[in-house]
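In the working numbering, the protein residues as written are 479 to 758.
For each residue, glycine too, the CB sits at the ideal point set by N, CA and C.
Computed from a predicted model, the values in this text were never measured in an experiment.
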Amino acid sequence: MNKIASKIFATVGVCIAVFVILVVVLVPIYWMVITAIRPEIDIYRRTFFPEGLTLDHFIEIFSNKPLRQFHIYIMNSLIVSLSVMCIAVALGSLAAYSLVFIYYRGKDLASSFILFAYVFPGFVLMVPIYIIFSSLGLKNTYLGLILADLIGAVPFATWMLRGYFMGIPADLVDSAKVDGCNHISILFRIILPVAAPGVVTAAIFSFVSAWGSLLFPLLLIEGERLLTLPLGIMRFAFGEAYHWGPLMAAAIISAIPPTVLYGIVQKYLVKGLLAGAVKG
C-alpha cells in the first residue's frame, strides 16, 4: 500500500511540476502574442483574452519610425548568423576531427583549452575586443560581427562535434586510410555523413547564438546601417516611449527563424544532443 501511495504522490508531483513549468514558459509567450495582435487602445486593459484583433502593429514595424528599417535589421542578422553557423561548423569539424582521430602530444590539453574558451564569460572580453577590432578597422563591419560571434560559436561546435565523433569507431577511419584516403577525404566522405545529427545540432546552436547576440553588436555597431535584430529591438524598446504592440510584434518576428529551423531539423537535433551528451 505504501508503494502504491508513493507512486501516486510521485506521479502527482511530476504532473504539478510539469504544469508549473508550462505556465512559466507559455504564459509570457501567450501574453506577447495577444499584445501584438491587440488594438492599441486595448493593450493596457487587464483582460486575459483580447476583445479585438488587429495586424496593425506588424504593419507598423515595417513602415513607421523608429523601426522603419526593420527589414534591414532582419537581413543583417541573417547574414551574420548564417555566416557564423557555416564557419563555426567548418572549423569545429576540423578541430574535432583532429582531437579525436589524429594522435599528437597535448591533445587533451587542447581539448581543455577549447572547453575553457567556450565557458569563458564573453563580457570579460569586451575591452580587448573593442581595442583590437578598432585598431584593425573591424568596427561597423559584417566581418567584425561575425568574428566576435565566432569566439563562442567555434569552441561550442568543436566540443559538441568532438563528443559525437568519439562515438564513431576508429576502425572506420583506419580502413579508409588503408584505402588511400587522406584526412580531409575521411572527414567529408565518412565522418560528417555519419555524424549528421551532431553537425546539425552544432549548426542550429551556432545560428541561434548569433541570431540572439546582443553584447558584441552593442559594442561594435554605431549608426543604423548594420544594426542586427536584437540591437534594433533594444533601441526601439528604450526609445522615447514604450510602444508595446509593435515591440511584441517585432519580438514574434525575431523568434520565427530559429523556431522554423528547429521544427525542420528537430529529429536530428534531438539525436545530436543525446549522442553528444552520452559519448562526450
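Going by beta-carbon coordinates alone, are residue i and residue j separated by less than 8 Å?
| i | j | result |
| --- | --- | --- |
| S484 | M563 | no |
| I730 | V511 | yes |
| F716 | A728 | no |
| F548 | I539 | yes |
| I519 | T513 | no |
| L639 | I668 | no |
Sorted by chain position, which residues of the same chain lie with C-beta nearer than 6 Å to residue i's C-beta, five sequence neighbours on each side aside?
| i | result |
| --- | --- |
| K759 | Only positions 479 to 758 of the chain appear in the structure, and residue 759 is not among them; the question remains open. |
| R524 | none |
I'd like to confirm something about residue i: is its beta-carbon nearer than 7 Å to some heavy atom of the ligand ZN, or not?
| i | result |
| --- | --- |
| S541 | Of the ligands one can find in the structure shown there are none, so the ligand ZN has no counterpart to examine. |
On the CB-based measure, 16 or more other CB atoms within 10 Å of its CB, does residue i come out buried or exposed?
| i | result |
| --- | --- |
| V605 | exposed |
| G491 | exposed |
| Y582 | exposed |
| S541 | exposed |
| T636 | buried |
| Y575 | buried |
Pull up the distance between the alpha-carbon of residue i and that of residue j, whole angstroms please.
| i | j | result |
| --- | --- | --- |
| L560 | A488 | 44 Å |
| C493 | L623 | 44 Å |
| I580 | I557 | 34 Å |
| K585 | F497 | 46 Å |
| W509 | L572 | 44 Å |
| D627 | E529 | 43 Å |
| A568 | K481 | 53 Å |
For residue i, collect the residues of the same chain with a Cβ closer than 7 Å to its Cβ; drop the 5 residues on either side in sequence, then sort them by chain order.
| i | result |
| --- | --- |
| I537 | none |
| V743 | V678, I682 |
If I measure Cβ to Cβ from residue i and keep anything under 8 Å in the same chain, skipping five residues before and after, which residues do I get?
| i | result |
| --- | --- |
| L461 | Residue 461 cannot be examined here, being either before or after the span of the chain that is shown, 479 to 758. |
| L693 | G600, F601, M604 |
| T532 | I515, R516, P517 |
Three or more C-beta pairs below 8 Å linking the stretch 643-663 and the stretch 586-595: no
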